[in-house]
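Below: one structure, written as structure tokens.
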Amino acid sequence: MRKIYLVLPEKCTGCRTCELSCAYSHQIDQQPGTPRIRAYNTKPPLEKGIPVVCFQCDRPACQEVCPTKALQRNLDTGAISIDYDRCINCHACYAACPFGNIHIDPINTRVAKCDLCGGSPKCALFCPTGALSYK
Amino acid sequence: MDILINGKKVKTRKGEHVLEVARREGFEIPSLCHHAALPPDGACRLCLVEVEGPEGKNKVTTACTLEVAQGLSVRLDTPEVAANRKVVLEMLLARVSDSPTLLKLADKYGLLEMRLVPQGEKCVLCGLCARVCTELVGAKALTMEGRGTETYFQPPFGEPAKDCVGCGSCAFVCPVTCIEYKKTDRTIEIWGRTFERLACTECGEPLDLTPEHRDLIRRRTDLLTPAEMQLCGGCERRTTMKTMQRVVEGQQTLETARR
Amino acid sequence: MVELGKVDQIIEKYAGDKTSVLAILQDVQAAFNYLPREAMNRIGEKLEIPMTQVASLATFFHAFSLTPRGKNIVTVCMGTACHVRGAPRVLAEIERELAVKGGETTSDGEFTVETVNCVGACALGPLVIVNGNYHGNINTADVVEMLHEYKPATGEGAK
Amino acid sequence: MTKFTTPAQLTDHVAKAKAARDPNKVRVSVCAGTGCKASGADALIAAFQAEIEARGLDVEVLSTGCHGFCERGPLVVLHPSGVLYQKVKPRDVADILEKTVQKGELLPRLQYRDESRQIFEKEHDVPFYKHQERIVFAMNGHIDPRSIDDYFSMGGYEALGKVVGQMKPDQVVEEVIASGLRGRGGAGFPAGWKWRFTRQAEGDRKYLICNADEGDPGAFMDRSVLEGNPHLVLEGMIIGAYACGASEGFIYVRNEYPMAVRHIELAIAKATELGLLGQHILGTDFSFNVHVNRGGGAFVCGEETALIASIEGRRGSPRVRPPFPAQKGLWGKPTNINNVETWANVPTIINRGSAWFAGTGTGDVSKSPLGGSKGTKIFSLVGKVNNTGLVEVPMGITLRKIVFDIGGGIKDSKKGRTFKAVQTGGPSGGCIPDAYLDNPVDFDELAKLGSMMGSGGMIVMDDRTCMVEVARYFVDFLKEESCGKCTPCREGLRAMSGILNRMVRGQGRHEDLDLLEDLGRTMKTASLCQLGQTAANPVLSTLRYFRHEYVEHVDHARCPAGQCIDLIEYRINEQCTGCTICAKKCPTGAITGQNKERHVLDQGKCVRCGVCFDVCNFNGVSILSGPEIAGKAKE
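Protein chains in written order, with our numbering: chain A, 806 to 940; chain B, 5 to 263; chain C, 2 to 160; chain D, 204 to 838.
And the structure:
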């Protein structure tokens with residue numbers, strides 16, 4: 806049975822621990838990468854928040870517009886992940902995602918998205934409130 | 005089916021080529037013209053390997069074009085491979101003498117002496133730019149022109165690229181970064197063209213997207229309505245966040261939020 | 002002005018078949034003596050093939066010229082048989098006589114000098130073809146006389 | 204004539220046409236091949252026709268394809284006597300008809316003489332023809348290539364009738380395999396095996412291609428076959444289509460060969476009209492159509508994958524094999540490619556049987572398909588040889604026999620010119636020195652010598668041919684003709700060209716010799732296609748056999764052959780008789796002198812064109828090279 810990545814916005818406080826853990830788990834040249842999850846404070850400071858992260862859509866626009874088939878669903882995790890060997894950095898996926906869930910890493914200008922950390926999402930691991938979970 | 009690389013048994017699938025298999029297994033093979041998203045082309049000839057044949061009749065060939073087969077055994081580091089790869093590198097370095105990519109390879113593969121006259125070119129003619137543009141992006145703005153030593157990869161007749169969409173993929177895949185790609189706040193300049201950058205309709209921030217590229221992307225799917233591809237990532241996320249907030253606060257159901 | 006009607010007729014002859022692009026280019030070259038840019042654009046549009054393909058073909062095959070050529074085409078065969086029998090000297094003499102280099106056209110537009118890598122009439126070498134007429138066993142001393150035949154009757158000619 | 208609707212009808216018709224050909228009919232066969240046309244054959248044919256009509260003679264004028272002996276054109280052969288006249292002009296026509304045809308007298312002024320002035324009366328006695336063995340060329344000279352009736356009357360399409368009427372496709376394939384026929388286009392791959400691969404390949408459609416993109420400079424046999432006997436090629440292709448199961452055929456012919464295009468198109472139209480091509484050939488289920496594609500002038504298009512790309516309307520860049528065309532060829536379908544001469548051998552193999560065909564040639568192909576070379580090969584014998592032209596000889600003949608017996612030896616041997624080398628295999632072939640003149644000529648022997656069969660170019664070089672300059676010539680040729688795709692071929696040729704061009708100017712270095720060998724080895728090993736893999740042959744083979752000439756160039760700025768113009772000077776020596784011919788022929792007026800006095804050559808005006816040397820009958824011009832003029836050369 807495949808695990809499910811669950812977001813419960815009502816539990817989110819907007820503490821942004823998820824962003825931090827994501828950035829550090831996707832390092833580029835020993836520098837933190839851009840977080841592929843963003844948590845917005847709706848009632849600052851730190852009372853209510855909304856995490857925005859890739860929905861891993863059933864029919865992902867990013868995947869459909871990718872000219873190199875670099876975006877594929879990982880059958881174990883269900884995540885749409887980027888095969889950087891195939892990616893030609895055309896940014897079509899970035900343009901196509903209607904939710905803003907494809908990011909551009911400022912360090913190398915490569916596109917980046919949530920890949921569920923290959924099966925153990927660090928955001929869920931470190932989320933102090935249980936707003937993010939993977940089970 | 006299993007093959008042997010430097011004597012190590014390696015699992016492969018039918019139709020795979022030795023280069024991709026070897027790299028997956030952590031072996032290093034240099035190449036300039038190979039790209040995982042494109043079929044093998046065999047243009048740069050750097051990825052030489054030696055195939056063991058019957059009665060010691062070994063053959064040097066390119067790993068990128070060598071399909072795996074039952075009983076195949078290749079070696080990556082024989083004297084024959086090293087000697088020929090050195091000469092191919094020497095030829096490439098004579099062509100483009102100041103490329104850090106090539107200089108690094110020369111260092112690594114023991115090319116110490118340059119005997120050929122430098123040509124002062126910038127492009128190694130690997131062809132990735134035109135192949136990516138034609139076979140992947142689909143803009144068909146670049147091609148191989150001329151022939152022999154007078155070969156160029158460029159837009160038709162070397163004029164400003166009429167069919168270019170300014171996506172910049174050619175510049176990205178170029179192994180010797182010889183394609184000039186200039187981004188300003190408002191424009192993208194490449195192949196003699198200046199493209200307008202679309203701006204986020206919400207905050208005005210310039211997007212990494214030209215109108216031409218947007219139209220090309222639209223043609224790949226029916227998912228994108230004209231309203232889409234107008235916002236920057238940040239504004240898109242804020243919109244997403246607000247929608248989610250309304251769902252959480254019960255102002256909107258999940259069903260209507262879904263597109 | 003390039004008569005696009007003529008181009009359309011040629012495309013018509015091949016029923017707009019994409020795979021006939023090489024033949025169409027050859028016929029256009031025969032009709033105009035070179036490949037005008039407008040004609041190539043038209044071919045691309047009508048056959049619905051990208052300009053990259055047209056440009057790639059037109060620059061690959063040496064039979065094509067992208068610039069207008071002279072009234073008289075002087076083709077010097079540089080095939081092996083002609084070469085060992087002195088074709089380079091014949092070419093040099095023609096270049097001297099017409100004051101152009103191979104591949105160029107005289108300023109009065111009378112002559113274009115081209116080279117070809119063998120026309121398959123090797124027993125006649127060195128061989129020069131002027132407007133499709135074969136001049137075999139040419140030596141440097143014959144060049145002036147041979148070209149004279151093609152110079153305009155009045156005036157000084159191409160020199 | 205109406206469409207043949209059964210194989211038997213065709214066989215019947217051919218038998219009748221053969222019987223109806225009157226061997227005693229007086230025919231004037233005028234060669235109208237490209238060579239003889241350039242020498243004025245058209246006017247000659249018109250003159251014969253007018254004169255025959257004026258005299259009311261019952262004589263047929265045949266405007267035939269190439270007879271091969273282009274050097275002596277226009278050629279006329281009178282049948283049935285077989286008398287050969289050469290270099291015939293329209294003004295000779297009346298004499299020929301009156302004296303020879305009507306009275307049986309010979310005209311010595313038009314007869315062929317060899318260097319020793321000996322006259323040869325009959326075509327088949329002339330040494331040039333005597334040692335030949337003609338299978339492919341058997342009909343050239345006897346038929347009008349535009350007439351299918353002429354072809355029928357010589358047994359044409361008999362093989363097709365036999366194949367479609369009596370043989371299964373597999374039988375045809377086996378017959379061609381048994382014959383040992385190897386591809387005449389270059390690599391020498393066994394044709395029958397290629398057919399079998401195509402036959403066995405899976406595909407709803409299969410294609411055939413006839414490679415007539417004869418790009419080898421110095422070779423023109425395919426042109427002559429296609430021009431002189433197009434139906435023979437077509438018949439071979441139809442048989443091949445039947446055997447391979449192909450439904451569509453393409454003839455890719457150079458645009459530089461307009462007559463070949465016209466003749467083959469005419470042949471296709473006629474064969475289609477008679478039901479030998481098209482839907483339901485000879486009333487059977489077998490259908491086959493043939494199209495003509497014109498090439499655009501690219502040597503690399505002789506490579507089969509480049510040729511396929513070109514037919515598909517793309518630039519002629521070769522692609523990686525495998526998959527081979529027999530598996531995935533034109534438009535991804537199984538495709539069989541053979542060249543003109545290969546196809547032209549097929550009808551004879553069917554008519555006379557594989558055993559007969561395999562009776563000529565070398566080795567044994569019954570055990571290994573590459574075990575020998577069978578049948579004949581056409582060579583274009585050109586360069587510094589007395590008799591130039593196309594010669595068809597049995598495989599295994601020696602080079603000496605070709606160059607000296609058929610070719611009549613080295614041109615200007617009386618002026619002291621001697622044999623130096625013969626270059627075979629086109630630009631990618633190699634130069635073979637005199638030590639190997641007695642080696643047999645076949646696919647494998649030539650390869651052993653560092654050369655190759657190629658499409659059959661054979662260029663004879665004399666002592667005045669500089670081997671460094673020859674290598675430079677081929678490398679510069681290939682540098683232009685390389686498709687430019689892969690590094691070793693493109694950059695290797697560029698580098699070699701730079702080095703060799705320096706050498707012929709006397710600016711070479713001794714280290715360059717090793718560098719050339721290094722580059723050559725890698726080009727051979729690492730290039731993508733055959734063109735690149737063989738592109739270094741001219742350099743490697745000349746380095747192997749004529750290294751001393753290279754050494755002279757790099758160490759002493761001396762061209763031993765006296766050919767490299769930057770390294771030589773012409774001087775008028777004491778043997779000058781003051782005949783003034785050199786002064787008259789000098790294009791730059793560099794030579795001056797009074798009649799009967801020794802002339803003077805002004806080095807400042809001399810462009811080293813060599814005309815003075817060529818025209819002098821008294822050895823009064825010397826060529827100097829090396830220390831005598833050094834300093835000048837090493838600029």
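Quick reminder that beta carbons are idealized off the backbone N, C-alpha and C, glycines included.
- Linking K570/D to E336/D through their CA atoms gives a straight-line distance of about 26 Å.
- In the structure shown, the three-state DSSP call for E154/B is strand.
- Judged by DSSP in its simplified three-state form, Y889/A adopts coil rather than helix or strand.
- Cβ neighbours of S700/D within its own chain (closer than 6 Å, five residues either side excluded): V678, D679, K682.
- In the DSSP assignment, S266/D is bridged to V233/D.
- Rounded to the nearest whole angstrom, the C-alpha separation of L827/D and I771/D is 5 Å.
- Against N88/B, the close residues of chain D are P691, R724, T725, T728, A729, in the order they occur along the chain (beta-carbon pairs closer than 9 Å).
- Here DSSP, grouped into helix, strand and coil, assigns L804/D to strand.
- Within a 10 Å sphere around the beta-carbon of S242/D sit 16 or more other beta-carbons, which makes this residue buried.
- The Cβ-Cβ distance between G131/B and D45/B falls below 8 Å.
- Between Y35/C and P283/D, the alpha-carbon positions lie close to 49 Å from each other.
- If you ignore the 5 residues before and after A390/D, its C-beta comes within less than 8 Å of the C-beta of Q733, all in its own chain and listed in chain order.
- Secondary structure at L384/D: coil, using DSSP grouped into helix, strand and coil.
- Distances from the CA of V131/C to each of A82/C, G17/C, L92/C, I11/C were compared; the closest alpha carbon is that of L92/C.
- Contact annotation: in the stretch 266–277 of chain D, residues whose CB is within less than 7 Å of a CB in chain C are C273, E274.
- In this structure, E515/D keeps its C-beta atom at 8 Å or more from the C-beta atom of W546/D.
- Taking the CA atoms as reference points, F646/D sits about 24 Å from C119/C.
- According to DSSP, T601/D shares a beta bridge with P643/D.
- Beta-bridge annotation (DSSP): S583/D is paired with L593/D, G660/D.
- Two segments are said to touch when three or more pairs of C-beta atoms, one from each, lie closer than 8 Å; by this definition the stretch 64–78 of chain C touches the stretch 19–36 of chain C.
- When rounded, the separation of the alpha-carbon atoms in V144/C and L99/C is 10 Å.
- S513/D has a beta carbon lying at 8 Å or more from every beta carbon in chain B.
- Relative to the Cα of H270/D, the nearest Cα in the group D347/D, P210/D, D261/D belongs to D347/D.
- Between the alpha carbons of E720/D and H494/D lies a distance of about 44 Å.
- Contacts with chain B at 8 Å (Cβ-Cβ) do not include P37/C.
- Taking the Cα positions, K473/D is about 25 Å away from V231/D.
- Residue pairing by DSSP puts I194/B in a beta bridge opposite Y185/B, R197/B.
- Taken in chain order, the complete alpha helix (DSSP H) segments of 4 residues or longer contained in the stretch 122–158 of chain C are 144–149.
- For E29/B, the closest Cβ of chain C is not nearer than 8 Å.
- Taking 8 Å as the CB threshold, A698/D lines the interface with chain B.
- Its Cα nearest to that of L120/B, the residue K90/B stands out among K90/B, L129/B, C133/B.
- Ranking R821/A, S826/A, G838/A by CA distance to the CA of I912/A puts G838/A first.
- Contact with chain B is absent for R821/A, since none of that chain's Cβ atoms lies less than 8 Å from the residue's Cβ.
- Nearest to T225/B by alpha-carbon distance, out of A900/A, K816/A, C928/A, is A900/A.
- Proximity of P521/D to chain C, defined by a Cβ-Cβ separation below 8 Å, is not satisfied.
- Note on geometry: alpha-carbon atoms of A253/D and A246/D lie some 11 Å from one another.
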